[in-house]
Structure formats: structure tokens, C-alpha cells
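To keep things clear, I will list the structure first and then write my remarks on it.
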């Protein structure tokens, strides 16, 4: 990135949320603390707060993902914002309009925030770099690059079980090479002070020089890699990879890298198991683990709404808008 | 069904709405009475009540039906709920996720109610059997099995014209064999005490042993079947059936079973004519009947919103949530 | 049209908004003035007014247009209405239901307003002629006939820069023959008293007898046509036309009719440049003009929301519904 803080405004407040890269430990903790406050909203009889009432949030999903779009839509509605779901493939870009013209038009309609998902790395940065000052951009996944709300919801989930990041061993298992989720997790774990981050994968699914480039320890053997860890994060295997030369069969992948209760026994006794979903049961892990007592996978989903509410309301600068008075309504 | 009351909670209140089967006369009357109260909402300047504000209702339509989805969406919005429309075919199940994992994820997002439409009989029951206790399921049509909100809106429409069910003769005309609507109607009519229910259809479109199995009288001649009835319910003919061996041509069907003013003349003078829509004009009935003074087909549509508001608010247990105070707002 | 004022109710108030044709100068000015009041809503912290709370507005788009639908959806939400987006191609009409039955059903659901876009000229008039008295219709574009909200947002944009219509020269450039936008603009400009309206196009893209039929001056040379005009309205070229015999290549069209800074130099020094969007850059105009200081193209987009809020609230007769009290909330 060219600018020193492309995500912060002149006062150092969050304006866009594009990547974990370059954000301070203090800011990450502020996001986690704010999300903590939003967790309770889901327990209220009226599951809404009026923080973003009258704001318009547009989901610009160039890459289809009903699940991720739904979590952003729910987070926006819980903040009382209005939501536009734009199916980009059928919209004006199909008529030959450029991406920037589409952007300018939505800005002219006084949309306040774009939630962008795109198959190309850097797409959300590009849009943020060209957006008008009154618009905020949230990266909902760009190519292999970044998926920062997923990274933060994972940190949030870890912190609720293991409050002190500075004493943790965390292992990330799976297709590190293609994973924007893993990149965001590693950046967040590092910033929050986790002393030991391990990545576990077949050699074909690790970036070259991963240890130096990411500041992690690499393992090619699952049992060895998860020994004594506090957190095991399983990544989703894209089945497309099976057809390429990168991966053997699903069966063989599970045999080598699939998580079972037996294999998990070498981790810390109170280790938690995470997965960004959707799970391929019998590939990344078996159902005993997925549905077992150490799995926090469904908590991750719930926490994802709270984290997205936190990031959205911070970017929209609405943290103080009558929040005290109306919060209890 | 295995459990004695899969739709009721421990206090006997409606928790899910999956089928008319097993529900008491008292409960059906409670639904009808509650819907009566909601009819007036559509006449208000502000057509909303705050009963379900902050609740999230997700439409899970595995089988496409814009019309039915729209009525549930309108009912939910009139109750001030937030609505999620999930296109299941493009969602995570397409990525290989199991139906139960999709369900668990939506539950973790604190969705309060699923409105389920599925081509397979029993799908809504399956989901209800596996859902977390805080979630309610409404069956919006499953295979040939059940379409209980349609059944209840038909009862509601009948009662507004013929208040005493115990004195009625009701005829249902058409494809009884494949109709979830007919099954729900027959169960509701029986429970509400209708002494004479007739089904009128070609032999190929009646279930075997229909009289014993359903407690109805079967007719194969329209004129004979509708003689002296108070209510004529026409079912929709699926044009796909014409291509199978089950039905002759549309023309021949109309000639034998199509409703005309002339044929209707043998019914009671104040008989009403119903149809779940959409009508195939010139197949099930001619336009003179469809648009005539005895047709209550459009009332059925209006009543459908009120019935769905009634069932949704009962299942969500929000009947007393400030209702008195805010109702007049 | 058969009735003298198919768009007005007995008191002369706007009931439908189908065409500029037949509307008085006073009514057009009332729309513009009301839109002026709505412009400020987009600047508020909470970008909403409660004028249409509890009203249901259904977008009936038989012709796909994400951009236009989005502007109506935003306008409706800013008025606090509930919005239904109906994908007509997948709805009941696909099941063989007639358009009028679909209409009757939506009326029975107590939808208050239909926003109709259709490829056939007269579609919105047809629906308005058959709709129940409680329903309002807004034409969002019908065939080559009319696109009156586009026409009015263009008038609104002109008036904000050139307040006195009676002293203007306005040129419309492009495919006049197929343009519903141009028809609406010419009617509005004429009604508002613009003394000189010019149309500039190749002969193949002008209606026959355009000067007499529309009361305009026709030009076939861009330079000659825009000399001394105050307003230049560029129309969108449909790329489909290139494949027919009506138009040469995009390159040749730009060479003859494309707007450049150089060509614009013969217009008035403070002339404004307009385009309904989406722009084909390098066909109708180059980027220097599109993004230049005389372009008001993005203002048109913002103004479109205000004009649609004005027309919607006038048709729904909600101008006095607590507006004074709640407006400032």
C-alpha cells in the first residue's frame, strides 16, 4: 500500500476495513471490545440498536457468497441500517459501464458503505482508493489477499476462550497458499502478540519461504504440528484443488491432515477447534470433532455478526450517536 | 410423527406450524380469531404492528414460489420483523454443506424463524426436529404433504362467509392426489366440525381408498358432487399432469370438471367459490365464475396475510409483547 | 388516452405518474419544489423521513434494470416505506397467470404502489387503467414511450443551474427515435416554457416529421446544433443499434456525434452537460467531458432520488401525514 494508513482518517479512526495489515494492537483490541458490547444485542427481545439508522449499506458481491452476504446483511439490519443487495453481474457493469462509474453512481445515491467481495486481490483497496471521502469500504474477501472480518471474528472467538493472546500456541491447518483467511489470521495473531503461530500443510499448499515471510513455524505433519497447541484452526479445502496437481484425493487428504479426536489428543487438553465454514465433513475433520465439545465453530458464526456490527459502526463513525440513550430502548 | 405434539411447546402453545394434523379445534379457532384481529392492520394508514420488531425471519425456499414467498414477506414486515430471503440453490448447500450445517449456521446467526418450502414431503418436519429450541419453523409447503397456512386461510375465508362450520357441505374439486393444499383443507375442515366433505376428481387424480383414508365422500361427476354444497374449492391443475397419462387435454378437463355459472347453479344459492391461485382460466373455471359475485378468491389472498401474521406471531410467542400499548400507535 | 386526466384524482391531485403528457406547468413545478425539500434528507445523519411508513411499494420490473430499481428502492426506503422487489419472470406469470391476475393478487395483499418497467409502450397505462382505486402506478419506463421520472429529474437538475426555463436553449443529442427519455424530456421542457428545444441526430435516429410532431428544431450536425445552447443532454446509445442498419460503428458515431471539450466550446460558456447513464465513454462523449466541470451527470443521479421521493409521496397522498411534526425528528 502506498499511503501510510489507507484505512484510517486524519484523527486515526477507522474509515475503511480492508486488511489487518498496518492496524495497531490498540485498534484491534478496540474492535474486539466493541464487538463484546454487541454480543448481547442478539439476546435482546428486540435484536436491534439504532446506531446506523438511516445509513445505507450496499453489498457489492462480485463473487457470490450467500453465507457471507447474509452475515453482513444481518449485522447491518441489527444496526438499523438500510441494506441494498446488488447483484453486480446483472447490473450496469453488464451494460459496459466501468466499475468506477458504477461506484460514482452509488455514491451519488448517498450510499454510505460498500461491502465488497471480489475474486481479484486488491479490489477493495482499489475501490477505497477511488471512493469519495464520505464512503466507507469493508473488504468481505478479495482474491487470496485478505478477509479481515473473518480474521477478527476468529480473534474474538479465541479471546473469549483464551483471554491472554501473549501465552498462546496457535496452529492453522490446510491450504495456506490460497487462503485469504489464513493471511488475515496470521496478521491478527501476530499483532495481538501471539508468540507461536504454526502452519500445517502439504508442501504444495504452503507459500514459499512461509516461515520468514509470515513469521510462523511450518509443519508438514499434523500430529507434530498440533502438539501442545491451545487453538487449532482448520481451513476449508476448495474441492477444485483436488482436480489440480496440488492435492491428492479427499480421502488421502483426510488420512494425512484430517482432524480426529485421536489426533487432537496431543494438543492441550482445553484446546479449541475452529473452522471458517462451510465444513467438508470427512475431509478437513470428522463429525466427532466438528460437533464435539472442543469445537467453537458455531460460536464463530454468532461472533461474526458482532464483529461486523463493530467494524461497520466504527467505520460509519456512529459510536456516539445517541448510543447511550437509545441502546436500552 | 413420532412425538405426540411436535408443534407445541411444554405449555401447549404453538411453537412450529408444520401441519394441521394433531392440532385441536381450540387451537385452530385461536389462529382464526387472532387473524381476525390482524385483518384491520391492512386498513390502517401505517400498515404495521410492532409485535415482532427485531425478530429475524428467514425464507428458506428450496422450491421457487414468488407468490407464496411474497405473502410471508409481507406478513413478516407487517409484524415489523426483519426478513432474509435465502436463495438456497446458490447458497452454501451448493458448496457441499449439509442441510443441517446450513441450519446450524443460520441458528448461530440468531435467526428466529424459518419459513420452509421444499419439494420433499416431510422436509419442514425434519428441520423442526433438528432445530434448536429457540427457533420456530413454518411449513410453506412440503411435497404432496402439507401446506397448513393455505389450509387455515381457506378456513378463515369460509368462516367470514359461513360462521358455523358444523352446518356446512364443502366440495373440493381437482387433483386431490397430488395436492398438499387439499390434504391440509380436509384436515382443517374435519377438525373444525364440517359434517360433509366431498372430493370431486377423475379417478386418476384421487388417492386410493380416499373415502376411508380421509373421511370424505368421493365423486367423479362435477354436477353431482357440487349439488347443495355451501363451499366449492377448486384446486389448481398442474399443467405438467397434462403431459402424463393422468389427465386428458386442458380442453377435455374443462369440459368435464371446469366450473361455469351454469354448473354452479346446482350448489346452494349463496355458495362461495374458492381457488388457491394462480388460476388457469378456462381450465379449472371460466372467467365468469372467477370474477363473479360468488368468487372469494381475492379475499383468500388478503386473508392469507392475516393468517400468516397470526401463525408467525403465535409461534414467536410475541402475543403479549406490549401489544396493547403499541397496537394503536 | 381515453380519460382526460388518467393520472389525476377527482381533486386534481397526482394519483399515478405515467407520463408528462397532459400534466400542467403548475403540477410539474409542484413536483420540482417538493423534490427540493427532499434533497436535504440525503444530508441528514438519519437519511429518512416517515412520510410513507407502513406503505408497501412493489417494484414490478418486467425489464431488468438494477440501476433504476435501486433508485426507486432507495427513494422508497428514505420515505420509510416497505419495498417488495418482484422478479416477474420467475413469478406467477411464468405459471400461466395473466398480468391482470398478478395485479389483482398484489392488490389483495394491500400493496399501495406499483413501480412498473416494461418493454412494451403503454404497459404502465394499461395497469393503471385496470388497477383498483387504492393503488398508485409509477411508470419506470415503458418501451419507447415514456420515462417520466427521468424527465423530471432532468428538469430538476436544469433548474438548479438555470432557474428560468423561459430563457433556455436546450439540445438533446443521440438516438431520439428509440428514446423514451427524450420524449419525456421534450414534453417537460415544452410544458415548463423552454422556448428553443433542439434535437441532434443522424437522420436514421430521428422520428419522421420530428419538428412538427414534437415542436423542436432538428439538426444533423453536432457543432451546428449545440451552438449557443445552455444545456446539452446526451442520450445513451444502445449498442444493439450498431448491429442494425441504423448506426455506423461506435468509432464513427463518436467521430460525428461524440461530445468533446472542443466541440462543446461553441455552446454557452456556462452550458451544462447531462446524460441519463450509464455512459458509454468514447461513444457518446469522451471522459474529459464526462468528468469535466460542466458535467452534472452525477448530480442527476442524486436528484433522481429526490424526484422519486417527491412523486411517490404525492401519489400516495401522504404529504400532510404528520409531516411537519416528524420531519425534523
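Residue numbers (the working numbering), protein chains in the order written: chain A, 131 to 459; chain B, 131 to 459; chain C, 131 to 459.
Glycine residues also receive a C-beta, built at the ideal position from the N, C-alpha and C atoms.
7 Å is my cut-off, CB to CB: does residue 395 of chain C come that close to chain A?
With 7 Å as the cut-off, residue 395 of chain C does not count as an interface residue toward chain A.
Is any beta-carbon of chain B found at less than 7 Å from that of residue 218 of chain A?
So no, residue 218 of chain A is outside the interface.
Check the Cβ of residue 203 of chain B against every Cβ in chain C and list those closer than 8 Å, keeping chain order.
Within 8 Å Cβ-Cβ: 214.
Between residue 155 of chain A and the rest of its own chain, which residues show a CB-CB distance below 8 Å, the 5 nearest in sequence each way excluded?
Excluding positions up to five away in sequence, the list reads 321, 322 and 323.
Our contact map puts residue 236 of chain A next to residue 257 of chain A with C-beta atoms below 8 Å; I'd like the distance itself, whole angstroms only.
That belief does not hold up - the Cβ atoms of residue 236 of chain A and residue 257 of chain A are roughly 10 Å apart, past 8 Å.
Let's test the definition: count the other Cβ atoms within 10 Å of the Cβ of residue 481 of chain A and tell me whether it reaches 16, buried, or not, exposed.
In the structure as shown, chain A starts at 131 and stops at 459, and residue 481 of chain A therefore has no counterpart that could be examined.
Can you pull the chain C neighbours of residue 274 of chain B, defined as C-beta to C-beta under 9 Å?
Correct list: empty, because the minimum Cβ distance to chain C is about 18 Å.
Out of curiosity, what's the CA-to-CA distance linking residue 153 of chain C and residue 282 of chain C?
One C-alpha to the other measures close to 12 Å.
By alpha-carbon positions, which one of A/204, A/441 and A/187 ends up nearest to residue 188 of chain B?
For residue 188 of chain B, the nearest C-alpha among the options comes from A/204.
Considering only DSSP beta bridges, list what residue 247 of chain A is partnered with.
Answer is A/191, bridged to residue 247 of chain A.
In three-state terms, what does DSSP make of residue 340 of chain C?
Helix, per DSSP.
Straight-line CA distance for residue 244 of chain B to residue 151 of chain B?
Spanning the two alpha carbons is a distance of roughly 20 Å.
To which residues of the same chain is residue 186 of chain A closer than 6 Å at the C-beta, ignoring the five residues directly before and after it?
Taken in chain order, the residues that qualify are 212, 241 and 242.
Between residue 182 of chain B and residue 141 of chain B, what straight-line distance do the alpha-carbon atoms span, to the nearest angstrom?
The straight-line gap from Cα to Cα measures roughly 21 Å.
If we cut at 7 Å on Cβ distances, does residue 183 of chain B have a partner in chain A?
Judged by the 7 Å Cβ criterion, residue 183 of chain B is in contact with chain A.
Using 7 Å as the threshold, is the C-beta distance between residue 298 of chain A and residue 360 of chain A below it?
Against a cut-off of 7 Å, the Cβ pair of residue 360 of chain A and residue 298 of chain A comes out as a contact.
Nearest CA to the CA of residue 290 of chain A: which residue from A/305, A/399 and A/166?
Closest by alpha carbon: A/166.
Please return the same chain residues whose Cβ sits closer than 8 Å to the Cβ of residue 222 of chain A, not counting the five positions on each side in sequence.
Confidence at residue 222 of chain A is low in this model, with a pLDDT of 49, below 50, so its placement is unreliable and no value can be given for it.
Does any residue of chain C have a CB that is nearer than 7 Å to the CB of residue 222 of chain A?
For residue 222 of chain A, the predicted structure reports a pLDDT of 49, less than 50, and the residue's modelled location is therefore unreliable. A value from the coordinates is still provided. Yes, residue 222 of chain A lies at the interface with chain C (some Cβ there is under 7 Å from its Cβ).
Are the CB atoms of residue 355 of chain C and residue 328 of chain C within a distance shorter than 7 Å?
Cβ atoms of residue 328 of chain C and residue 355 of chain C: closer than 7 Å.
Can you give me, in chain order, the residues of the segment 170-200 of chain A that have a beta carbon less than 8 Å from any beta carbon in chain C?
Residues 183, 184, 185 and 186.
Relative to the C-alpha of residue 254 of chain A, which residue among A/191, A/379, A/431 and A/177 is closest?
It is A/191.
Quick check on this structure: which residue in C/287, C/318, C/288 and C/330 has the alpha carbon closest to the alpha carbon of residue 307 of chain C?
For the residues C/287, C/318, C/288 and C/330, the minimum Cα distance to residue 307 of chain C belongs to C/330.
Out of A/433, A/390, A/338 and A/276, which has the shortest C-alpha to C-alpha gap to residue 362 of chain A?
Here the closest residue by C-alpha is A/390.
Quick one: is residue 423 of chain C near chain A, going by C-beta distance under 7 Å?
Not an interface residue.
Which of the three DSSP states, helix, strand or coil, is assigned to residue 252 of chain B?
Coil, per DSSP.
Kindly identify the DSSP beta-bridge partner or partners of residue 212 of chain A.
DSSP lists A/186 as partners of residue 212 of chain A.
Rounded to the nearest angstrom, how far is the Cβ of residue 169 of chain B from that of residue 343 of chain B, given a contact under 8 Å?
Rounded, the Cβ-Cβ distance is 35 Å, inconsistent with contact.
Cβ of residue 178 of chain A versus every heavy atom of the ligand MN: is any distance shorter than 6 Å?
The ligand MN is not part of this structure, which contains no ligands at all.
Tell me whether residue 392 of chain A is buried or exposed, calling it buried when 16 or more other Cβ atoms sit within 10 Å of its Cβ.
Exposed: under 16 other Cβ atoms inside 10 Å.
Measure from the alpha carbon of residue 174 of chain B to the alpha carbon of each residue in C/173, C/176, C/179 and C/184, then state which is nearest.
Looking at the Cα atoms, C/184 is the closest of the given residues.
What residues of chain C sit near residue 409 of chain B, judged by a beta carbon separation below 8 Å?
227 and 231, listed in chain order.
Suppose you measure from the CA of residue 136 of chain B to the CA of residue 196 of chain C; what does that come to, to the nearest Å?
Distance between the alpha carbons of residue 136 of chain B and residue 196 of chain C: 43 Å.
Considering only DSSP beta bridges, list what residue 138 of chain B is partnered with.
According to DSSP, residue 138 of chain B bridges with B/144.
Does residue 464 of chain C come within less than 7 Å of chain B when only Cβ atoms are used?
Since the displayed chain C opens at 131 and closes at 459, residue 464 of chain C lies outside it and no answer follows.
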